[in-house]
Amino acid sequence: MDFMTAFQHIDWAQVVSLTGEHIALVGVAVGLAIIIGVPLGILMTRFPWLAGPLQGAATVVLTLPAIALFGLLLPFYSQFGQGLGPLPAVTAVFLYSLLPILRNTYLALSSVEPGIREAGKGIGMSFWQRLRMVDLPIAVPVILAGVRTAVVMNIGVMTIAATIGAGGLGVLILTAISRSDMATLFVGAVLVSVLAIVADLFLQWLQKTLTPRGLKAAR
Amino acid sequence: MIELDKLTKKFHQKGKDVVAVNEVSLTVDEGQICVFLGPSGCGKSTTLKMINRLIKPTSGRVLINGEDTTGIDEVTLRRNIGYVIQQIGLFPNMTIEENITVVPKLLGWDKKRCHERAVELMSMVQLEPKQYLSRYPRELSGGQQQRIGVIRALAADAPVLLMDEPFGAVDPVNRDAIQNEFFQMQRALNKTVIMVSHDIDEAIKLGDKIAIFKDGALLQYDHPDTLLAHPADDFVSGFVGQDSTLKRLLLIRAEDAADNAPSVLADTAVADALELMEEHDRRHLVVTDAQKKAQGYIRRRDLRGQSGAVQPFLQTFNATAAHDEHLRILLSRMYEFNRSWLPVLSADNDFLGEVTQESIADYLSSGRSRGKSSIVSPAEQVAV
Amino acid sequence: MKFFVVCAGLLLAATSQAAELRIGAKVFTEQAILSELTAQYLRPHGYESRIVGNLGSTIAWNGMKSGQLDLTWEYTGTSLVAYNKVTERLDKEAAYQRVKELDAKTGAIWLAPSRFNNTYALALPEKVAEEFPDIKTISDLAAVLQQTAKGSRLLALDIEFANRSDGLDGLVKEYGLKFTRDEVRQMDPGLVYTALSNGQVFVGLVYTTDGRLESFGLRLLEDDRGYFPDYTAAPVVNADYLKAHPDLADLLKPLAERLDDATMRRLNARVDVDRETPAAVAADFLRQEKLIEEAR
Numbered sequence: 001m002d003f004m005t006a007f008q009h010i011d012w013a014q015v016v017s018l019t020g021e022h023i024a025l026v027g028v029a030v031g032l033a034i035i036i037g038v039p040l041g042i043l044m045t046r047f048p049w050l051a052g053p054l055q056g057a058a059t060v061v062l063t064l065p066a067i068a069l070f071g072l073l074l075p076f077y078s079q080f081g082q083g084l085g086p087l088p089a090v091t092a093v094f095l096y097s098l099l100p101i102l103r104n105t106y107l108a109l110s111s112v113e114p115g116i117r118e119a120g121k122g123i124g125m126s127f128w129q130r131l132r133m134v135d136l137p138i139a140v141p142v143i144l145a146g147v148r149t150a151v152v153m154n155i156g157v158m159t160i161a162a163t164i165g166a167g168g169l170g171v172l173i174l175t176a177i178s179r180s181d182m183a184t185l186f187v188g189a190v191l192v193s194v195l196a197i198v199a200d201l202f203l204q205w206l207q208k209t210l211t212p213r214g215l216k217a218a219r
Numbered sequence: 001m002i003e004l005d006k007l008t009k010k011f012h013q014k015g016k017d018v019v020a021v022n023e024v025s026l027t028v029d030e031g032q033i034c035v036f037l038g039p040s041g042c043g044k045s046t047t048l049k050m051i052n053r054l055i056k057p058t059s060g061r062v063l064i065n066g067e068d069t070t071g072i073d074e075v076t077l078r079r080n081i082g083y084v085i086q087q088i089g090l091f092p093n094m095t096i097e098e099n100i101t102v103v104p105k106l107l108g109w110d111k112k113r114c115h116e117r118a119v120e121l122m123s124m125v126q127l128e129p130k131q132y133l134s135r136y137p138r139e140l141s142g143g144q145q146q147r148i149g150v151i152r153a154l155a156a157d158a159p160v161l162l163m164d165e166p167f168g169a170v171d172p173v174n175r176d177a178i179q180n181e182f183f184q185m186q187r188a189l190n191k192t193v194i195m196v197s198h199d200i201d202e203a204i205k206l207g208d209k210i211a212i213f214k215d216g217a218l219l220q221y222d223h224p225d226t227l228l229a230h231p232a233d234d235f236v237s238g239f240v241g242q243d244s245t246l247k248r249l250l251l252i253r254a255e256d257a258a259d260n261a262p263s264v265l266a267d268t269a270v271a272d273a274l275e276l277m278e279e280h281d282r283r284h285l286v287v288t289d290a291q292k293k294a295q296g297y298i299r300r301r302d303l304r305g306q307s308g309a310v311q312p313f314l315q316t317f318n319a320t321a322a323h324d325e326h327l328r329i330l331l332s333r334m335y336e337f338n339r340s341w342l343p344v345l346s347a348d349n350d351f352l353g354e355v356t357q358e359s360i361a362d363y364l365s366s367g368r369s370r371g372k373s374s375i376v377s378p379a380e381q382v383a384v
Numbered sequence: 001m002k003f004f005v006v007c008a009g010l011l012l013a014a015t016s017q018a019a020e021l022r023i024g025a026k027v028f029t030e031q032a033i034l035s036e037l038t039a040q041y042l043r044p045h046g047y048e049s050r051i052v053g054n055l056g057s058t059i060a061w062n063g064m065k066s067g068q069l070d071l072t073w074e075y076t077g078t079s080l081v082a083y084n085k086v087t088e089r090l091d092k093e094a095a096y097q098r099v100k101e102l103d104a105k106t107g108a109i110w111l112a113p114s115r116f117n118n119t120y121a122l123a124l125p126e127k128v129a130e131e132f133p134d135i136k137t138i139s140d141l142a143a144v145l146q147q148t149a150k151g152s153r154l155l156a157l158d159i160e161f162a163n164r165s166d167g168l169d170g171l172v173k174e175y176g177l178k179f180t181r182d183e184v185r186q187m188d189p190g191l192v193y194t195a196l197s198n199g200q201v202f203v204g205l206v207y208t209t210d211g212r213l214e215s216f217g218l219r220l221l222e223d224d225r226g227y228f229p230d231y232t233a234a235p236v237v238n239a240d241y242l243k244a245h246p247d248l249a250d251l252l253k254p255l256a257e258r259l260d261d262a263t264m265r266r267l268n269a270r271v272d273v274d275r276e277t278p279a280a281v282a283a284d285f286l287r288q289e290k291l292i293e294e295a296r
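Chains as they are written, first to last, in my numbering: chain L, 1 to 219; chain G, 1 to 384; chain B, 1 to 296.
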């Protein structure tokens with residue numbers, strides 16, 4: 001089989017659909033991690049005693065091997081009849097994404113220069129006003145860096161979702177391995193890689209765009 | 001007008017009770033600059049921060065324009081007090097205009113009014129609004145940022161301004177100019193200011209009153225010149241420095257140290273003039289016209305053996321003293337022109353008297369000081 | 001738009017109730033084909049199926065029992081040994097009856113079985129087969145291994161078999177196979193074929209109905225001592241679902257009966273070797289066997 005015919009049998013429509021599924025799964029999971037992780041990071045600056053336990057928990061979760069975590073979530077969700085859908089996969093990736101986002105939010109917010117913090121407080125801004133008008137805009141680039149880490153890492157992890165029926169590009173890869181279909185395996189692997197690179201570039205661009213002008217301006 | 005009534009701050013550290021500020025009471029009149037001065041750890045910053053409640057007082061009250069601020073919620077309170085700090089603290093993600101108008105916006109001013117206010121304030125610090133309002137703090141120099149910090153504090157037109165070592169971060173080359181500029185602004189806007197400083201010279205230059213702190217207590221609260229002339233105790237005396245008398249030169253004006261030198265008219269006879277000189281043990285006399293406007297002076301050596309009126313021997317002044325110039329400038333001028341005396345003239349050229357080395361020394365050692373309408377014991381100046 | 005949807009719905013309700021059937025398929029080709037066959041076959045009979053594929057071995061079974069899936073194709077040997085832990089050696093018929101009886105108690109109903117047995121076998125890669133023409137049974141293999149140096153004969157097999165109580169350990173004991181721990185390479189079952197095809201191992205554990213056996217030139221060794229149990233495939237349905245849809249049992253019987261070893265191998269080969277899709281292969285088969293009318 002020469003190079004060209006090796007790829008002929010691939011159902012590109014399915015590939016496109018699986019890619020879309022993969023993006024959706026990762027997107028939802030990381031999106032949830034942002035929605036929950038950023039406010040948690042904010043709370044950690046308001047109540048510093050939370051910082052240690054929350055970060056510790058997120059770190060512990062991150063050390064669990066992905067296959068094990070998926071394996072643990074499956075029976076848990078099966079109790080609600082959701083074991084074989086996207087929920088376990090999305091939950092696992094959500095948990096993995098928490099640490100980088102949580103940590104970066106907390107770090108960015110707590111490293112706002114003391115002078116800026118004191119000035120904001122002293123001229124009469126409430127905690128939430130400072131957060132909204134000063135701290136968060138300054139923190140956005142760092143938070144997005146955390147999101148980037150989460151997304152790029154989890155695009156790879158999400159391939160495991162296929163083993164529990166959640167879909168995504170893992171389907172291509174698993175099926176190809178089981179059928180000794182090198183061409184499809186190659187396509188699947190390359191796609192996952194390409195997806196990660198594209199996501200990284202996009203988020204880099206987003207990071208740059210959302211960085212407040214004032215932080216980028218040079219003398 | 002700000003009044004501090006027995007402000008106290010105590011806190012618990014390592015099992016012991018520490019008194020950071022001990023029942024400080026003083027009043028700052030409207031439109032005055034009061035400088036809190038003292039060594040590190042003396043409680044001056046803590047006291048300042050209790051006024052806008054960045055630090056919560058353990059006991060005592062703060063009254064602004066007669067109103068007790070204890071019941072006012074802290075955020076509202078701070079929006080009605082200007083605050084400037086050493087690190088300046090401009091918000092890097094906001095433009096200069098946005099930085100300046102933060103508090104007005106929070107108070108609900110409309111956009112137009114905010115913008116106009118920003119433009120108005122920028123002009124006061126000689127920063128071209130069109131050029132700078134849309135820039136970001138990073139693009140400005142340290143001195144420029146400091147100025148913006150000050151006008152941000154003035155933007156909402158609060159009656160009171162608190163400043164914590166505001167000029168500390170400005171390099172010495174620019175500091176003088178910025179202090180002068182600030183002083184002009186304060187006089188023009190008539191804001192009541194409390195400023196923390198550790199620099200005695202800055203305090204003397206800018207302060208209408210100086211409060212000296214030590215270990216949480218207020219030791220002396222006086223006009224700078226009174227402080228220099230009559231330090232309350234050894235500590236204050238040591239703090240103001242051994243050259244305190246020289247420091248006073250900056251504060252005392254020509255008219256304070258002028259003596260009541262006699263003068264003659266242009267048509268006075270030489271003989272009468274010489275006699276007058278003999279009487280007052282002088283070698284010169286100032287010549288004025290009938291309205292006491294100064295015209296020049298005559299020298300004894302020129303008059304010896306002469307007759308007639310003194311008119312032909314009139315010399316023009318090559319150096320004079322304006323009535324409100326301070327003594328340091330005068331001394332400097334006296335050395336520069338090698339003179340032992342200078343005539344003191346009003347703005348309309350009225351002859352007010354002369355300053356001489358002697359008259360200056362006299363004043364400095366007399367116990368009189370600026371800011372007091374009569375000589376009163378210094379102990380009574382310190383608010384209790 | 002809504003109007004038409006409502007009409008269609010009413011029509012559908014009037015003609016036949018389309019029941020939803022969730023089919024669980026394990027990750028390998030055979031399961032994909034079986035689930036496609038089932039789905040396409042049952043559609044004209046009023047079942048709209050959704051195939052949840054690529055599932056790990058026990059995930060499909062547990063999914064069916066817990067009600068998250070309705071039907072899965074399982075193998076008698078798997079249920080007998082792995083799920084029910086029966087250690088007795090049973091023949092094909094007895095094995096089927098035993099699992100049918102035992103699993104019924106836990107809510108899984110075995111329907112009429114197929115006629116193919118997808119059991120394990122040891123296979124030699126092409127080159128090795130040429131080099132050792134006399135190795136025809138597993139006993140032969142054992143004899144050869146006794147004489148060769150350790151560390152030079154690699155065995156490829158899947159992780160599940162390697163770690164089951166009735167798996168590798170039992171096989172080694174039964175035949176006296178000499179493998180050191182190093183020589184045993186556990187991997188994804190699909191990769192075993194790749195390893196064999198590339199000649200990277202000496203012998204591999206394969207499945208007897210896999211489509212790649214012939215095209216990869218692998219020689220199957222005879223299980224002369226009858227170690228490997230019977231793995232007859234049959235559709236297994238969730239008990240509650242079957243109660244609600246009792247016609248399933250009779251419906252699937254003709255389909256199951258058509259599937260024997262050779263057929264299965266052929267269908268598998270069309271996917272694994274010829275790279276056709278399981279759906280296309282299933283559709284073709286159903287049409288040829290007249291199990292389904294010509295597509296509208």
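Glycine is no exception: its CB is placed at the ideal position from the N, C-alpha and C atoms.
Review point. Rounded to a whole number of angstroms, what is the C-alpha to C-alpha distance between S40 (chain G) and H198 (chain G)?
Key: S40 (chain G) and H198 (chain G) have their C-alpha atoms spaced approximately 8 Å apart.
Practice item. Anything in chain G within Cβ reach of R132 (chain L), meaning under 7 Å, just list it in chain order. Key: The contact set of R132 (chain L) on chain G, defined by CB atoms closer than 7 Å, is empty, because the minimum CB distance reaches about 11 Å.
Review point. For chain L, is any of its Cβ atoms less than 8 Å away from the one on D272 (chain B)?
Key: Chain L, which has a Cβ nearer than 8 Å to the Cβ of D272 (chain B), makes this yes.
Review point. Which chain L residues are close to P189 (chain B), counting only those with a beta carbon under 8 Å from its beta carbon?
Key: Counting only Cβ-Cβ distances below 8 Å, P189 (chain B) has contacts in chain L at S178, in chain order.
Practice item. Count the other CB atoms, across all protein chains shown, that sit within 10 Å of the CB of A261 (chain G); report buried if there are 16 or more and exposed otherwise. Key: Looking at its Cβ environment, which holds 16 or more other Cβ atoms inside 10 Å, A261 (chain G) is buried.
**Study point:** Completely contained alpha helix (DSSP H) runs for the region 158 to 211 of chain G, where each covers 4 or more residues
**Key:** Segments of the alpha helix (DSSP H) lying fully in the region 158 to 211 of chain G: 172 to 189, 200 to 206.
Check your understanding: Which residue comes first and which comes last in the beta strand (DSSP E) that contains D17 (chain G)?
Key -> Annotation: the continuous beta strand (DSSP E) that includes D17 (chain G) extends over 16 to 28.
Practice item. Would you kindly work out how many angstroms separate the C-alpha atoms of S237 (chain G) and P231 (chain G), rounded to a whole number? Key: One C-alpha to the other measures close to 5 Å.
Review point. When you compare only the Cα positions, how much space is there between L345 (chain G) and R253 (chain G)?
Key: About 12 Å.
Exercise for review: Check the DSSP bridge columns for R253 (chain G) and list the partner residues they point to.
Suggested key: Partner residues in the beta bridge of R253 (chain G), as assigned by DSSP, are G:H326.
Review point. With a cut-off of 8 Å, does the C-beta of V21 (chain G) fall near any C-beta of chain L?
Key: Not a single C-beta of chain L is nearer than 8 Å to the C-beta of V21 (chain G).
Practice item. Starting from the beta carbon of P141 (chain L), find every residue of chain G whose beta carbon is closer than 7 Å, and list them in chain order. Key: Those do not exist, as P141 (chain L) stays about 10 Å from chain G at its closest Cβ, beyond 7 Å.
Review point. From P378 (chain G) to V84 (chain G), what distance separates their C-alpha atoms?
Key: Bear in mind that a pLDDT of 39 at P378 (chain G), under 50, signals an unreliable position, so the model cannot answer this.
Review point. Using a Cβ-Cβ cut-off of 7 Å (strictly less than) and excluding sequence neighbours within five positions of I34 (chain L), which residues of its own chain qualify?
Key: Excluding positions up to five away in sequence, the list reads I101, V147.
Exercise for review: Ignoring anything shorter than 3 residues or poking outside the region 67 to 102 of chain B, list the beta strand (DSSP E) runs there in chain order.
Suggested key: As far as the region 67 to 102 of chain B is concerned, its whole beta strand (DSSP E) runs of at least 3 residues are 71 to 75.
Practice item. Could you work out which residues of chain B lie near A51 (chain L), taking near to mean beta carbons separated by less than 9 Å? Key: Result: empty, since nearest Cβ-Cβ is about 38 Å, beyond 9 Å.
Exercise for review: Please decide whether V386 (chain G) counts as near chain L, where near means a Cβ-Cβ distance under 8 Å.
Suggested key: One cannot answer for residue 386 (chain G) here, as it falls past the ends of chain G, which runs 1 to 384.
Point to revise | S66 (chain B) to I36 (chain L) span [Cα, whole Å] | key: About 31 Å.
Review point. In the DSSP assignment, what are the bridge partners of H12 (chain G)?
Key: Note: H12 (chain G) sits in a beta bridge opposite G:D17.
Practice item. For I164 (chain L), return the contacting residues in chain B, with the cut-off set at a CB-CB distance below 8 Å. Key: Chain-order list of chain B residues neighbouring I164 (chain L): L55, G56, I59, by C-beta distance under 8 Å.
Review point. Can you name, in chain order, every residue of its own chain whose Cβ lies under 6 Å from the Cβ of A203 (chain G), other than the five neighbours on each side?
Key: For A203 (chain G), same chain residues with a beta-carbon under 6 Å away, outside a window of 5 residues either side, are V35, L37, S197, I210 in chain order.
**Study point:** Span separating the alpha-carbon of M185 (chain G) from that of M124 (chain G)
**Key:** Whole-angstrom Cα-Cα distance: 7 Å.
**Study point:** Host beta strand (DSSP E) of P235 (chain B) (start-end)
**Key:** Unbroken beta strand (DSSP E) run through P235 (chain B): 233 to 238.
Review point. Would the beta-carbon of A24 (chain L) be found less than 7 Å away from any heavy atom of the ligand NAP?
Key: You won't find the ligand NAP in this model; it holds no ligand whatsoever.
Point to revise | Backbone secondary structure at A283 (chain B) - three-state DSSP | key: Three-state DSSP puts A283 (chain B) in a helix.
**Study point:** Q220 (chain G) in three-state terms, based on DSSP
**Key:** Of the three classes helix, strand and coil, the one that applies to Q220 (chain G) here is strand, per DSSP.
Point to revise | Backbone secondary structure at T320 (chain G) - three-state DSSP | key: Coil, per DSSP.
Check your understanding: What's the gap between the Cα of F70 (chain L) and the Cα of L177 (chain B)?
Key -> The alpha-carbon atoms of F70 (chain L) and L177 (chain B) are separated by roughly 36 Å.
Review point. How would you write the range of the beta strand (DSSP E) that F36 (chain G) sits in, first residue to last?
Key: Note, F36 (chain G): beta strand (DSSP E), 33 to 37.
Practice item. Output the distance between the C-alpha atoms of R296 (chain B) and R270 (chain B), rounded to the nearest integer angstrom. Key: In this prediction, R296 (chain B) scores a pLDDT of 48, lower than 50, which makes its location untrustworthy; no coordinate-derived value is stated.
**Study point:** One or two residues paired with E48 (chain B) in a DSSP bridge
**Key:** Beta-bridge partners assigned by DSSP to E48 (chain B): B:E20.
Review point. Is any beta-carbon of chain L found at less than 8 Å from that of Y335 (chain G)?
Key: With 8 Å as the cut-off, Y335 (chain G) does not count as an interface residue toward chain L.
Check your understanding: V27 (chain B) versus chain L: which residues are under 8 Å apart at the beta carbon?
Key -> Residues of chain L whose Cβ lies closer than 8 Å to the Cβ of V27 (chain B) are, in chain order, T163, L174, T175, S178.
Check your understanding: What is the rounded straight-line gap between the Cα of F80 (chain L) and the Cα of F179 (chain B)?
Key -> Computed Cα separation, rounded: 45 Å.
Review point. Per DSSP, what kind of secondary structure is A189 (chain L) in: helix, strand or coil?
Key: It is helical.
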